[in-house]
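Report on the following structure.
Residue numbers (full-length UniProt numbering), protein chains in the order written: chain A, 1 to 279; chain B, 1 to 384.
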């Protein structure tokens with residue numbers, strides 16, 4: 001642990017500011033709370049929002065897991081875990097079931113989460129309407145009026161043009177029937193895990209200076225139409241390592257002939273299943 | 001057999017070693033001392049302090065050395081350190097009228113009270129590389145000292161009521177952008193804070209665009225001055241202001257044409273720029289962009305990027321921009337897999353319905369029309 005910095009890097013006043021903003025976020029599910037995002041020693045776009053949320057949550061007894069793309073061993077996940085080991089000295093784990101705080105980029109673990117766990121998402125762009133309307137003053141007004149026609153028209157146009165909704169990740173959700181919310185760039189495969197989750201889900205966007213939350217057991221709907229219901233990704237293959245037919249798969253090119261194999265993106269889930277396999 | 005990639009931690013450790021080795025270079029060459037950087041790379045030090053929002057030459061020099069001269073990385077290092085520092089209080093507003101001027105030029109008058117003072121500037125160096133060792137500089141002392149106080153050039157116009165009047169102290173208490181999020185619409189003080197921290201290159205480009213027809217406002221460099229300004233704080237327990245030191249600043253006041261509007265008569269308007277050290281490029285760019293961002297307040301038509309405050313202020317910060325542009329090198333394979341799977345579905349569907357294209361005819365019709373027009377012209381030419 002690096003003694004010249006406060007526990008978990010941020011000073012206590014900043015943590016208090018963050019906790020207040022998080023309480024507001026929990027009180028208004030899906031609403032983007034502006035907060036005084038601090039400049040972190042990691043680059044913007046690399047998880048500074050998630051890191052600030054995690055820093056505000058961590059106590060000395062917490063057990064932290066950090067994943068990127070579902071894996072504990074991707075360099076950025078390693079780097080963030082290493083950062084908290086240095087500045088907070090907390091215990092870390094790769095096991096989903098052992099963690100009290102899980103910081104993630106782009107995935108929700110396959111293993112079901114519990115009430116005593118918190119999932120922290122790194123969010124690059126908190127505004128689900130941003131690609132449709134670049135002006136922040138305008139999108140805040142649209143949220144205030146719950147005017148989400150822009151998004152419905154976008155999805156409708158996808159269907160008219162392609163026959164499908166052409167959004168495969170960062171698929172917009174309506175939280176608690178009120179706020180249109182970005183689930184962060186998780187594949188839509190993970191969207192159903194947001195609905196009525198026993199674990200608290202917190203979202204931090206450092207560069208854009210916004211926090212939001214999905215409290216436990218909150219209704220989260222992925223936008224769809226009656227005649228075009230929401231669907232998740234499916235594979236004809238199963239995981240080549242653990243045989244799972246229920247997990248999100250990564251496609252790996254294994255030789256110069258372009259041979260593909262499919263493996264679980266959640267490395268802990270896959271590893272546990274392999275360990276349980278009769279040898 | 002495929003084995004999932006492991007060993008990120010070790011890879012990072014090796015990478016850090018390689019970086020340290022590359023940064024230091026040949027160990028037979030002595031390492032740069034911070035005093036050398038402070039003294040001989042002072043303009044770089046000033047930029048890092050300005051955009052790093054921290055006045056500390058020693059730390060800025062350290063950051064430049066650690067970043068191997070990459071200014072944006074050095075700015076990032078200083079910002080990341082700054083965020084951990086406690087806030088003791090705020091200084092009094094700086095009085096740049098009382099600046100101990102070392103350089104002062106005006107483009108609007110041939111001569112001004114106090115005179116035009118070139119001071120140390122690269123403007124007339126002719127940019128010839130000086131091969132060989134640097135000859136020790138000898139400075140010829142002036143016959144008389146510069147005027148102790150130099151009135152601001154814009155105050156001369158103010159006396160004639162030709163330039164907009166902004167009363168000192170009429171601005172609301174500014175927010176601290178490093179503690180509170182930027183919200184829109186942002187007032188002028190907030191915009192100024194953002195521009196002060198903004199990337200010099202970005203502001204330069206934005207400022208340049210206003211000179212090339214994107215929000216033209218006919219600027220004149222009313223006055224540019226550089227020198228030392230005292231910094232005062234008023235500790236609560238004392239109740240009066242005390243001087244804690246002085247800093248080098250460059251201030252630019254632009255004069256811009258304004259044809260009247262929003263209830264205001266035709267008059268000159270102001271654009272303002274201020275930056276640490278000798279940094280005219282930054283101060284002048286800031287002044288031009290400050291003025292173009294005042295379009296709403298002055299009732300001017302807003303159509304150009306440099307007039308759009310969400311566009312300018314959201315994209316001016318080099319630490320934010322550099323981080324987000326470069327985050328693309330992080331793994332995105334989960335989302336990429338999602339896109340692959342979607343694209344395969346769409347492409348299979350397209351193959352099935354290839355005979356009934358959905359969106360094609362526009363181009364085709366145009367091509368046919370062009371072809372017909374061409375044929376027609378050929379036949380006309382053949383007849384004549």
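Glycine included, C-beta positions come from ideal geometry on N, C-alpha and C.
Fair warning: this is a prediction, and the values are worked out from it, not measured in the lab.
Spatial distance of residue i from residue j (CA atoms)
i	j	result
residue 227 (chain B)	residue 4 (chain A)	36 Å
residue 262 (chain B)	residue 300 (chain B)	8 Å
residue 16 (chain A)	residue 23 (chain A)	10 Å
residue 203 (chain B)	residue 268 (chain B)	23 Å
residue 360 (chain B)	residue 21 (chain A)	Low confidence applies here, because residue 360 (chain B) scores a pLDDT of 49, under 50, leaving its location unreliable; read the following figure in that light. Each residue's Cα considered, the two are about 50 Å apart.
residue 77 (chain A)	residue 90 (chain A)	15 Å
residue 252 (chain B)	residue 118 (chain B)	15 Å
residue 273 (chain A)	residue 245 (chain A)	12 Å
residue 209 (chain B)	residue 260 (chain A)	49 Å
residue 161 (chain B)	residue 114 (chain B)	22 Å
residue 321 (chain B)	residue 328 (chain B)	12 Å
residue 164 (chain B)	residue 152 (chain B)	15 Å
residue 266 (chain A)	residue 107 (chain A)	8 Å
residue 136 (chain B)	residue 102 (chain B)	21 Å
residue 157 (chain A)	residue 171 (chain A)	15 Å
residue 363 (chain B)	residue 343 (chain B)	Legend: pLDDT at residue 363 (chain B) = 48, less than 50; position of this residue unreliable, no value from coordinates given.
residue 204 (chain A)	residue 61 (chain A)	22 Å
residue 294 (chain B)	residue 63 (chain A)	51 Å
residue 19 (chain B)	residue 40 (chain A)	21 Å
residue 43 (chain A)	residue 162 (chain A)	37 Å
residue 317 (chain B)	residue 137 (chain A)	19 Å
residue 256 (chain B)	residue 150 (chain B)	22 Å
residue 132 (chain A)	residue 79 (chain B)	32 Å
residue 345 (chain B)	residue 30 (chain A)	31 Å
residue 395 (chain B)	residue 53 (chain A)	For residue 395 (chain B) there is no data in the structure shown, the boundaries of chain B being 1 and 384.
residue 119 (chain A)	residue 84 (chain A)	16 Å
residue 264 (chain B)	residue 246 (chain B)	38 Å
residue 110 (chain B)	residue 142 (chain B)	21 Å
residue 147 (chain B)	residue 124 (chain B)	24 Å
residue 183 (chain A)	residue 173 (chain A)	7 Å
residue 14 (chain B)	residue 8 (chain B)	10 Å
Rounded Cβ spacing between residue i and residue j (contact assumed at less than 8 Å)
i	j	result
residue 263 (chain A)	residue 240 (chain A)	6 Å
residue 325 (chain B)	residue 76 (chain B)	Their Cβ separation, rounded to whole angstroms, is 13 Å, which puts residue 325 (chain B) and residue 76 (chain B) out of contact at 8 Å.
residue 68 (chain B)	residue 34 (chain B)	Contact flag wrong, Cβ pair sits at about 14 Å.
residue 37 (chain A)	residue 206 (chain A)	5 Å
residue 9 (chain A)	residue 71 (chain A)	Rounded, the Cβ-Cβ distance is 24 Å, inconsistent with contact.
residue 333 (chain B)	residue 250 (chain A)	6 Å
residue 89 (chain B)	residue 233 (chain B)	6 Å
residue 105 (chain A)	residue 122 (chain A)	4 Å
residue 270 (chain B)	residue 175 (chain B)	Going by Cβ atoms, the distance from residue 270 (chain B) to residue 175 (chain B) rounds to 22 Å, so no, they are not a contact pair.
residue 109 (chain A)	residue 183 (chain B)	That pair is no contact at about 35 Å.
Bridge partner(s) assigned by DSSP for residue i
i	result
residue 225 (chain A)	A:228
residue 251 (chain A)	A:262
residue 119 (chain A)	A:102, A:201
residue 34 (chain A)	A:210
residue 7 (chain A)	According to DSSP, which records beta bridges pairwise, residue 7 (chain A) is partnered with nothing at all.
residue 253 (chain B)	B:223, B:272
residue 163 (chain B)	B:268
residue 308 (chain A)	The question about residue 308 (chain A) has no answer here: the residues shown for chain A are numbered 1 through 279.
- With a floor of 3 residues, list each beta strand (DSSP E) that falls wholly inside the segment 262-320 of chain B, ordered by position along the chain. 269-276
- Item | Sequence ranges, beta strand (DSSP E) only - wholly within the segment 48-98 of chain A, length at least 3 | 63-68
- Item | Length at least 4, wholly inside the segment 179-250 of chain B: the alpha helix (DSSP H) runs in chain order | 188-197, 200-211
- Message: My parser needs the beta strand (DSSP E) runs of 3 or more residues fully inside the segment 168-201 of chain A; what are they?
- Response: 173-175, 179-181
- Message: Restricting to runs no shorter than 3 residues, where is the beta strand (DSSP E) found entirely within the segment 74-135 of chain B?
- Response: 100-105
- Item | Interfacial residues, the segment 71-85 of chain A to chain B, with Cβ spacing under 9 Å | 71, 72, 73, 74, 75, 76, 77, 78, 79, 81, 82
- Would you list, in chain order, the members of the segment 168-191 of chain B that have their beta-carbon closer than 8 Å to a beta-carbon of chain A? 178, 179, 180, 181, 182, 183, 184, 185
- Message: Short of 7 Å Cβ to Cβ, which residues in the segment 24-52 of chain A face chain B?
- Response: 34, 35, 36, 37, 38, 39, 40, 41, 43, 44, 45, 46
- Query: What are the residues of the segment 191-203 of chain A that lie near chain B, defined by any Cβ-Cβ distance shorter than 9 Å?
  - Reply: none
- Task: Check each residue of the segment 121-141 of chain A: if its Cβ is closer than 8 Å to any Cβ of chain B, include it; give the result in chain order.
- Result: 124, 134, 135, 136, 137
- Query: When you check each C-beta in the segment 244-260 of chain A against every C-beta of chain B, which residues fall closer than 9 Å?
  - Reply: 248, 249, 250, 251, 252, 254
- Item | chain B contacts made by the segment 145-172 of chain A, where a contact means CB separation under 7 Å | 161, 162, 163, 164, 166, 168, 169
- Message: Please list, in chain order, the residues of the segment 249-277 of chain B that have any C-beta partner in chain A closer than 7 Å.
- Response: none
- Item | Near-chain A residues of the segment 9-39 of chain B (beta-carbon distance less than 8 Å), N- to C-terminal order | 9, 11, 12
- Message: Along the segment 287-310 of chain B, where does the CB come closer than 8 Å to a CB of chain A? Name the residues.
- Response: 310
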